[in-house]
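Working notes, beginning with the structure itself.
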Amino acid sequence: MEKYLRLPSVIGRSKVTAFQGIIEKVSKKFENWKVKFLLQAGKEILIKVVVQVIPTYNMNVFLLPKTLCDKLNSLIWNFWWGTQDKVAKIHWKEWESLSKNKTVGGLGFRDLMAFNAALLAKQAKDGFRPSYTLKSISSAINTVKEGMIWRIANGEEVKI
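Count the sequence shown with this note's numbering and you get residues 831 to 990, in order.
Take a look at the structure:
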């Protein structure tokens with residue numbers, strides 16, 4: 831997969847394949863940490879400060895597929911509760927309660943889908959004061975529209 835600034839330069843039909851590097855990076859982090867004896871507080875810090883930060887740059891630009899976010903949540907979940915002989919231990923609370931804010935009894939883990947939407951919404955809000963790059967891309971849209979041809983095909987979409 832060709833990348834530029836750690837972002838996929840071409841995204842084909844399979845969005846999950848385009849962002850597979852995120853899953854691999856997170857999995858590798860967890861593999862390195864599994865050999866260490868970590869208390870829950872240590873796991874919480876590693877998840878919040880390292881793991882949940884890895885996809886942030888991609889989330890600023892792209893809407894990550896739900897399946898990818900679910901896989902990341904699953905990796906985090908299994909690391910949090912632990913495994914024994916490759917069998918997951920009992921999960922004493924559901925993920926939704928762990929991802930709630932600490933003030934309401936959760937642990938403050940990020941809901942990756944909601945966080946992704948918030949980052950993209952911030953980009954949209956900043957669109958009212960666009961950067962030079964965004965202005966440049968927007969100016970090219972008119973060129974594309976002028977060069978487009980409307981094909982009649984079977985005529986079902988044409989209203990006269």
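Note that the Cβ used here is the ideal one computed from N, Cα and C, for glycine as well. If you're wondering where the values come from, they're calculated on a predicted model, not measured in any experiment.
### Query
Relative to the alpha-carbon of K919, which residue among N908, E926 and F945 has its alpha-carbon at the smallest distance?
Counting from 1 along the sequence shown, the entry for residue 919 is found at position 89. Of N908, E926 and F945, the residue nearest in Cα terms is N908.
### Query
For N888, which residues of its own chain have a beta-carbon under 7 Å away from its beta-carbon, when the five flanking residues on both sides are left out?
What you label residue 888 is simply residue 58 of the sequence shown in a count that begins at 1. Closer than 7 Å at the Cβ level, and outside the excluded window around N888, lie L837, F849, I852 and L894.
#### Entry: DSSP-derived helix/strand/coil call for V917
Your numbering for residue 917 matches position 87 in the sequence shown. In this structure, V917 counts as strand in the three-state DSSP scheme.
### Message
Here's the rule: buried if 16 or more other CB atoms are within 10 angstroms of the residue's CB, otherwise exposed. What is W910?
### Response
Here residue 910 corresponds to residue number 80 of the sequence shown, with the count starting at 1. Burial call: buried.
### Query
Within 10 angstroms of its Cβ, does R843 collect 16 or more other Cβ (buried), or is it exposed?
Locating residue 843 in the sequence shown gives position 13, counting from the first residue. Residue burial annotation: R843 is exposed, with fewer than 16 other C-beta atoms found within 10 angstroms of its C-beta.
### Query
Hey, quick one: how far does the alpha helix (DSSP H) through D900 stretch, first residue to last?
Locating residue 900 in the sequence shown gives position 70, counting from the first residue. Run containing D900: K896 to W911, per the alpha helix (DSSP H) assignment.
#### Entry: K866, buried or exposed, once every other Cβ within 10 Å from all chains shown has been counted against 16
As a working mapping, residue 866 is identified with position 36 in the sequence shown. Counting the other CB atoms within 10 Å of its CB gives K866 a total below 16, which places it among the exposed residues.
### Query
So what does K833 bridge to, in DSSP terms?
Taking the sequence shown and counting its residues from 1, one reaches residue 833 at position 3. Beta bridge pairing from DSSP links K833 with P838.
#### Entry: Nearest-angstrom beta carbon gap, N903 and W925 [assumed within contact, 8 Å]
The residue you call residue 925 lines up with position 95 of the sequence shown. The residue you call residue 903 lines up with position 73 of the sequence shown. About 6 Å separates the beta carbon of W925 from that of N903, a gap short enough to meet the 8 Å contact definition.
### Message
Rounded to whole angstroms, what is the Cα-Cα separation between A947 and K901?
### Response
Along the sequence shown, one-based indexing puts residue 947 at 117. Along the sequence shown, one-based indexing puts residue 901 at 71. Rounded to whole angstroms, A947 to K901 spans 17 Å at the Cα level.
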